[in-house]
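J.: Let me begin by handing over the structure; questions about it come next.
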Amino acid sequence: MSQRVGERIANLSPEKRALLERRLLKPSVAPDRIPRRPADSGPPPLSFAQQRLWFLEQLEPGNPFYNLPLATRFRGLLWPSRLEEALNEVVRRHEVLRTTFVLQDGEPTQRVAAHRALTLPVVDLSELPAEQREAEAARRTAIEAHRPFLLTEEPPLRATLFRLAEDDHVLVLGMHHIVSDGWSMGVLAREVSALYAAFSAGQPSPLPELPIQYADFAVWQRDWLRGDVLRRHLSYWKQKLAGMPTLLDLPTDRPRPPVQVFRGATYTFPIPPPTVEGLRAVGRELNATLFMSLLAAVEVLLQRYSRQTDVVVGAPIANRTRVETEGLIGFFVNTLVLRADLSGDPTFRELVAHVRDVTLEAFAHQELPFDRLVEELQPERNLSHNPLFQVMFILQNAQANLEVSTRFAAPQFSAGTSKFDLTVCAMETTDGGLLMALEYNTSLFDAPTVVSLAENLQALLASAASHPERRISRLSLSPRGDAHDVPRDEGDAPDFDLLHQLCERQARLRPEALALESPGRALTYGQLNAQSNQLARRLRALGVGPEVPVSVCLERSPDLVVVVLAIWKAGGVYVPMDPAHPQDRMTYVLEDSGARLVVTEEALCERLPPFPGTRLTVDTLSLEHEDPSDLRPQATPDNLAYVIYTSGSTGRPKGVAVAHRTVCNAAEAEQRLFDLPPSARILQFSAWTFDVSLFELLMALRSGGTLYLAPTKALLPGAPLVELLKEQRIHTVTLPPSSLAALPWAELPELRMMVVGGEACPLELVTRWGRGRRLFNVYGPTEGSIWSTCKPCPEDLQVTPPIGRSLPRVRTYVLDANLEPVPFGVPGELYLGGACVSRGYHRRPDLTGERFLPDPFSTEPGARMYRTGDVVRRQREGDLCFVGRADEMVKVRGYRIEPAEIEAALLTRPEVQAAAVVAERTGTDGARLLAYVVPKEGQALDPGNLRGALRRSLPEYMVPAAFIPLESLPRTSHGKLDRRALPAVSRDALARARAEPVAPRTATEALVARVWGEVLELQRVGVLDDFFDLGGHSLLATRIVSRLSAAAEVELPLRTLFEQPTVAALAQALDATRDSGAKSTEPALLPLDRQARRIPIPAVGKDAATSGV
């Protein structure tokens, strides 16, 4: 006998072996069977899972998000009366289908009706023309699927029968998730099938009476899940989920709405049987199930899209571990949080083994309700996404079918909702394959994106099944070749190859046309060319020629343009310095560039650092005796045109060296794209230490337009800049999105073209400023010769603006860590090739070798490509979409910044032990720098002193907006700085860092503060206090909203508290509600107990009969 037992144990699935071990090794903490509740025990409470859905219903009443529809088609003779009789017997058997949900003494309870008759209406569509019946049935089915339930009054089950013909019917059943789950749908289908067959044959019900009802389970669960049982489960999950990421950052087609929207759609696709068998074989080798192999593959896909190695996915589990629950209809399903570590690039086989271990451990702790876990972990409140995970994975063994006819067909329809960012559902088919469905949130993703994701998953599953020994980074995501660059029409090469030739051409063609204008001064093209020729001859006399750097430190003026052109005409290399920069930075630029000549003006000489070379002051220089004619070129197209210094990761800036040829290509490409007329007036907005300033100059020189140079104070984003654009009749302006966002709206009819670049551009800026004019979103690092890609943004753009396609003769490659092209839609690092690639970093061959690599995709000998460090994804039509940075470099107000440079400056301070600098997004205003600083022992940090010290060594745009003291910096397990773990800093949190709370200032604020104090049991509450910072959570919120609604005699929506979480903001919303006349005769909500979770975001998906798990 023992041998037979051993054999049976050996044949158990891994899940059942884990369950057996758990029951054998741990002492029993619950009775063997769930008892029936006493008849006189009063209304039963809600189960933990029901409580969650009840709360969500209060948060957004009348929503259809948790409808569970089941549509079944019957071909053959059907007796509607027998079908109705079968449905009513199911309702009699299952109390939960006769239950409504009401408040009693302030607590939500189940009210079970002793009897409730279900009527099956029959809608006859057979009189319609044949071609209209299907469409009408589908339309009405969708309406039924979306019809909300009124849980306080109507039963949570309804049915409608559509008659298409005498032998063709569609039955639509609808249940609310609060009384059902995927397993329950199967119970319902089996019972209706058995009862219909019996009643049609004139026989009694063949089904045995149920041992317990769902309400018995709810009473038992609340009694059992406490004390040691609760502590053991909580301890496991808290340890497993410690330090987990709050968001799986999948690239989306549009920004995430501040409040989650549940609109959705579904895309289905097959997985062939050979692939599925291969995945089963991998599992069999490792004692893993198909669920585990599929989950591992899905996690690889999510890792490749998000570029995160800590991946968290939700999975529903039937949670029917006791035999008496197996035949019940009810909401038993629980959600497991499955966390996978994909770091170290494991093989697929190794990952499946890891997922197996994680999953089996989770099975052993499945009975802790997800809501209780969220309440305990208290993730940061965020209404924009689900807590803990945003992607759900489901494996269904089989669809719940009503086996009433041998000719059965299940009509397909989409519920039109999505409870998560993405739900990946796999259903086994009878031929051994899978039917997969991606249910996605349409407020985040467009259909083409999801189609690409599905194709990538298909290819990944095939690759994993065929090559489980491969490392996950080597598994193919591409179904039919890689996504390569989609270049624009190359056109002809530029007919100039030195930048200053543009000015000489305009001087020949249009010598009297206005080239430059500033307050009080203007130069024609003839004058500009002549003056720059004269200065160029003086520069040559001072030794300027090819590859000779000349540093320029001038304020914005026509003289600055003359100097730049003169340097190029002399054959030299332009090296800009900002007069506002600290002397330390100027010293470094002068020393690193090797400049022996500085061109400046008399008033700026005292700002310059000590310099052993020559200073040439343009305002005291006499050039009238110099020859104004054009010079014979000494430079070649491959000689350097300029060296511009950008932020460096070593703590020092690095000089990017760019040759004439690459910039000439950019100037020609941009003119062909922008097609500026000679009448265009172009604003010179950018700082001259930024290469966009040269773009502005070259736009004017190539088109023959006028470059307007305004004083710096007139360029401050806001009303003065708008006034300048209007007064000067500016035709074209180039701005970073953060500056554009700061401009108040104005008509500006003469502003015909806007170029935005340097930062990610929000959609709202295109919507606001793109109407009636051309707007281009451009992208390009300094190493890519100003701009490398461009996207014309149409007025009706509905998605986050892409950065577009490469310019002519530029190549863009989206590559993975192995320098292999990634498929459409998959994020990868952007590499630039072709005519835009600069020479490299001045005097930094080591760094140049790291970032400028041989181009394996080019047939040109010696071709190189530049590794940008930017993560992008390519859409099917060829546009690139910016995703983020692959390294720690950030952009603030259009400036590229290496945090390491700021950190190095902070570490020179005697009071600083350690420092970390990050950029925090601030909506459409771009980003702000935050410095986290650890003081040395016994030292105090003064933010003012730190800010002043940094201003002496760094440009103003590199000085952090805030300095946050920490006892230590968070580290990863490998000892590296964990930037993700640095604490967030909000305005509310900063406002609360005070000695005393701010007292209420109005009667409404006093009311709100009093109610908060009572519910949260606090002595003092200030008007700037945040509900969640004070320990509030979702079900405590219902008490506050209930009391405020009653006191103010208004109906205050529960959502208001989550959108206005401070006393002051909620009081203002309460006043607005009262002024609008939203009266209520009874409280909108009544108090609940403290069993609540903090975040009111749904975490229940379409679940499955999870025996496949």
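Here the sequence shown stands for residues 1 to 1109, numbered as in full-length UniProt numbering.
Even glycine gets a Cβ: it sits at the ideal position worked out from N, Cα and C.
The structure displayed is predicted, hence computed values, not measured ones.
1. Report buried or exposed for residue 115, applying the criterion of at least 16 other Cβ atoms within 10 angstroms of its Cβ.
2. Among the residues of its own chain, which have a CB less than 8 Å from the CB of residue 936, if the five just before and after it don't count?
3. To the nearest angstrom, how far is it from the Cα of residue 647 to the Cα of residue 1041?
4. Between which two residues does the alpha helix (DSSP H) holding residue 182 run?
5. Classify residue 670 as buried or exposed, calling it buried when 16 or more other Cβ atoms lie within 10 Å of its own Cβ.
6. Could you tell me the alpha carbon to alpha carbon distance between residue 1024 and residue 961, rounded to whole angstroms?
7. What's the gap between the Cα of residue 443 and the Cα of residue 267?
8. Helix, strand or coil for residue 309, going by three-state DSSP, please let me know.
9. By Cβ distance, which residues of its chain are closer than 8 Å to residue 679, with the 5 residues on each side in sequence left out?
10. Since residue 664 and residue 499 should fall inside the 8 Å C-beta cutoff, what is the C-beta to C-beta distance between them, to a whole number of angstroms?
11. When the Cα atoms are used, what is the spatial distance from residue 722 to residue 778?
12. For residue 352, which option in 338, 365 and 364 has the closest C-alpha, if you only look at C-alpha atoms?
13. For the region 318–335 against the region 180–190, do three or more pairs of beta-carbon atoms, one drawn from each stretch, fall closer than 8 Å, so that the two count as touching?
14. Which same chain residues, not among the five before or five after residue 279, have their C-beta less than 8 Å away from its C-beta?
15. Quick check: the Cα distance between residue 716 and residue 348, rounded to an integer number of angstroms?
16. Please go through the same chain and pick out, in chain order, the residues whose beta-carbon is closer than 6 Å to the beta-carbon of residue 392, but skip the five residues on each side of it.
17. Helix, strand or coil, according to DSSP, for residue 425 in the structure here?
18. Looking only at its own chain, which residues have a Cβ that is under 7 Å from the Cβ of residue 1084, when we skip the five neighbours before and after it?
19. Report all residues from its chain with a CB closer than 6 Å to the CB of residue 526; omit the five preceding and five following residues, and keep chain order.
20. Exposed or buried, which one is residue 178 when buried takes at least 16 other CB atoms within 10 Å?
21. Should residue 143 go down as buried or exposed, given a rule of 16 or more other Cβ atoms within 10 Å for buried?
22. Buried or exposed for residue 681, going by 16 or more other Cβ atoms inside 10 Å?
23. Return the Cβ separation of residue 1059 and residue 259 in integer angstroms, given the expectation that the two are a contact with Cβ distance under 8 Å.
24. In the region 593–630, which residue ranges form an unbroken beta strand (DSSP E) of at least 3 residues, counting only runs that do not cross its ends?
25. Drop a sphere of 10 angstroms on the beta-carbon of residue 957, count the other beta-carbons inside from all chains shown, and report buried for 16 or more, exposed for fewer.
26. May I have a chain-ordered list of the alpha helix (DSSP H) segments no shorter than 4 residues that lie completely inside the region 747–834?
27. Which same chain residues, not among the five before or five after residue 630, have their C-beta less than 7 Å away from its C-beta?
28. Quick one, are the C-beta atoms of residue 654 and residue 841 less than 7 Å apart?
29. Return helix, strand or coil for residue 412, following the three-state DSSP convention.
30. I need the DSSP call for residue 840, collapsed to helix, strand or coil.
31. Per DSSP, what kind of secondary structure is residue 944 in: helix, strand or coil?
32. Please determine, among 999, 308 and 219, the residue with the shortest C-alpha to C-alpha distance to residue 37.
33. Go ahead and label residue 569 buried or exposed: buried means 16 or more other beta carbons lie within 10 angstroms of its beta carbon, across all protein chains shown.
34. Candidates 697, 156 and 72: which alpha carbon is nearest residue 171's?
35. Rounded to the nearest angstrom, what separates residue 425 and residue 311 at their Cα positions?
36. Is it true that the CB of residue 1067 sits closer than 7 Å to the CB of residue 1004?
T.: Looking at the coordinates:
1. exposed
2. 910, 911, 912 and 913
3. 50 Å
4. 182–200
5. buried
6. 22 Å
7. 15 Å
8. coil
9. 705 and 731
10. 6 Å
11. 22 Å
12. 338
13. yes
14. 290, 293, 294, 297, 461, 464 and 465
15. 54 Å
16. 314, 420, 423 and 1101
17. strand
18. Annotation note: pLDDT 30 at residue 1084 (below 50); position unreliable, coordinate value reported separately. Counting only Cβ-Cβ distances below 7 Å, and skipping sequence neighbours, we find 1041, 1042, 1045, 1051 and 1052.
19. 507 and 511
20. buried
21. exposed
22. buried
23. 7 Å
24. 597–600 and 614–617
25. exposed
26. 763–769
27. 504 and 533
28. yes
29. Low local confidence applies: a pLDDT of 46 at residue 412 is under 50, so the model's placement there is unreliable, and no value is given.
30. strand
31. helix
32. 219
33. buried
34. 72
35. 18 Å
36. yes
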